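Only one structure is covered here, and it is reproduced in the block below.
Protein chains: 2
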Amino acid sequence: MKLYGKDTSSIPPEWQPLARVFSALGDEHRQRILLLFDKGERLNVSQIASVSTLARSTVSHHLKILHEANVLHSEKIGKEVWFWINRSWLEETFGNVLDYVQHNC
Amino acid sequence: MKLYGKDTSSIPPEWQPLARVFSALGDEHRQRILLLFDKGERLNVSQIASVSTLARSTVSHHLKILHEANVLHSEKIGKEVWFWINRSWLEETFGNVLDYVQHNC
DNA sequence: TTGTCATGTCCATGATTTTCGATATGTTTG
DNA sequence: CAAACATATCGAAAATCATGGACATGACAA
Chain U
154 MKLYGKDTSS
164 IPPEWQPLAR
174 VFSALGDEHR
184 QRILLLFDKG
194 ERLNVSQIAS
204 VSTLARSTVS
214 HHLKILHEAN
224 VLHSEKIGKE
234 VWFWINRSWL
244 EETFGNVLDY
254 VQHNC
Chain C
154 MKLYGKDTSS
164 IPPEWQPLAR
174 VFSALGDEHR
184 QRILLLFDKG
194 ERLNVSQIAS
204 VSTLARSTVS
214 HHLKILHEAN
224 VLHSEKIGKE
234 VWFWINRSWL
244 EETFGNVLDY
254 VQHNC
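From first to last, the protein sequence lines are chains U and C. Heads up: the first sequence begins at 154 in the working numbering, then just goes up one per residue. Heads up: the second sequence begins at 154 in the working numbering, then just goes up one per residue.
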């Protein structure tokens, strides 16, 4: 059994950024938001909110979580904030997970 | 913008098993439990509970969620229930995700 | 059969997260 | 500058989830 520290109360530091991605994606609304993006597309908050059943402020909250987990990039241009998928981070993250599974499971 | 249905209130059916994996892994205690397993190792509930700060019934609860998400296999042998990582499912799942990211993001 | 052990389930409490409306901030436009 | 707009943040209510103790079940051992 692999133990990091004396018990299971904490995640090894190198797994923490990854753990954040999973937590961010562990919500149906956020999963659904991600699936909205076409390849390379950028969407602003209004566009996302307009196809959502949620209030605008709630969408904003979910976008913040996705952004903090590095899943989405964002850039403010004028009044609007544009979001797009952080492809390289997701590739790296899931590449590492797949690697881990293949070599350690 | 890719829309499944009229709004963002549901996940396309083909994504649902995957969404369940993310939800299951979106919790630190469950992430930590997974990291316990050595390559090919099987662990029973007592072993996992003994290195956890959580009560046995709570560990049981988390194991159930991981099992329902297909992340863990389980088999009852005598009094004990043994759990092990569903490697092939995780490989397939994260392989698909990586593929999706590489071709659609 | 009785006792013990490993685990699961139920229930009530507490903690966390989600949610929306109101308000605040910063930007463009008239 | 004032109005209109896009978004973020705050705060409180609602919903969901995690948690542990008590009890139930099922297996083995005496």
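Ideal placement from N, C-alpha and C gives every residue a C-beta, glycine not left out. Owing to the predicted nature of the structure, the values given are computational and were not obtained by experimental measurement.
Neighbour flag for residue i against chain C, beta carbons, 8 Å
i, result
"I164 (chain U)", "yes"
"H214 (chain U)", "no"
"V250 (chain U)", "yes"
"V198 (chain U)", "no"
"H182 (chain U)", "yes"
"A172 (chain U)", "yes"
"E233 (chain U)", "no"
"T244 (chain U)", "In the sequence as presented, Thr is not what sits at residue 244 (chain U); that position holds Glu. Answer yes: the Cβ-Cβ gap between E244 (chain U) and chain C drops below 8 Å somewhere."
"I186 (chain U)", "yes"
Of the residues the options, the one placed nearest residue i, counting alpha carbons only
i, options, result
"S213 (chain C)", "C:V198, C:F236, C:S227 and C:N223", "C:V198"
"E167 (chain U)", "C:D160, C:L188, C:F175 and C:I164", "C:L188"
"K155 (chain U)", "C:H220, C:E194, C:T211 and C:V254", "C:E194"
"D180 (chain C)", "U:N223, U:T161 and U:K192", "U:T161"
"T246 (chain U)", "U:K159, U:Y157 and U:P170", "U:P170"
"C258 (chain C)", "U:A222, U:L243 and U:Q200", "U:L243"
"Y253 (chain C)", "U:L196, U:A222 and U:F190", "U:F190"
"F175 (chain C)", "C:E228, C:F236, C:N223 and C:E233", "C:N223"
"K217 (chain C)", "C:K232, C:F236, C:I230 and C:G231", "C:F236"
"S227 (chain U)", "U:Q184, U:L196, U:L251 and U:G158", "U:L196"
"A172 (chain C)", "U:P165, U:S163, U:L251 and U:H182", "U:H182"
"E221 (chain U)", "U:V234, U:A177 and U:Y157", "U:A177"
Residue i at chain U interface by Cβ criterion, 8 Å
i, result
"W211 (chain C)", "Per the sequence shown, residue 211 (chain C) should be read as Thr rather than Trp. Chain U, which has no Cβ nearer than 8 Å to the Cβ of T211 (chain C), makes this no."
"H226 (chain C)", "no"
"F236 (chain C)", "no"
"K217 (chain C)", "no"
"N257 (chain C)", "yes"
"E194 (chain C)", "yes"
"K155 (chain C)", "yes"
Bridge partner(s) assigned by DSSP for residue i
i, result
"S203 (chain C)", "Paired residue(s): none; S203 (chain C) is not in a bridge."
"N197 (chain U)", "U:W235"
Extent of the continuous beta strand (DSSP E) to which residue i belongs
i, result
"W237 (chain C)", "E233 to I238"
Residue interval of the alpha helix (DSSP H) (run including residue i)
i, result
"K217 (chain U)", "R209 to E221"
"L225 (chain U)", "First-last for L225 (chain U): L225 to I230, but that is the beta strand (DSSP E), not the alpha helix (DSSP H)."
"F175 (chain C)", "Q169 to L178"
"L156 (chain C)", "From DSSP, L156 (chain C) is part of no alpha helix (DSSP H); its letter is neither H nor E."
"I164 (chain U)", "I164 (chain U) -> no alpha helix (DSSP H), and no H or E assigned at all."
Exposed unless 16 or more other CB atoms sit within 10 angstroms - verdict on residue i
i, result
"R209 (chain U)", "exposed"
"S205 (chain U)", "buried"
"G238 (chain U)", "A quick correction: the sequence has Ile, not Gly, at residue 238 (chain U). By the neighbour-count rule (16 or more Cβ atoms within 10 Å), I238 (chain U) is buried."
"I186 (chain C)", "buried"
"S241 (chain C)", "exposed"
"H215 (chain U)", "buried"
"Q255 (chain U)", "exposed"
"I201 (chain C)", "buried"
Distance cut-off 7 Å: residue i Cβ against heavy atoms of the ligand SAH
i, result
"C258 (chain U)", "The ligand SAH is absent from the structure shown, which contains no ligands of any kind."
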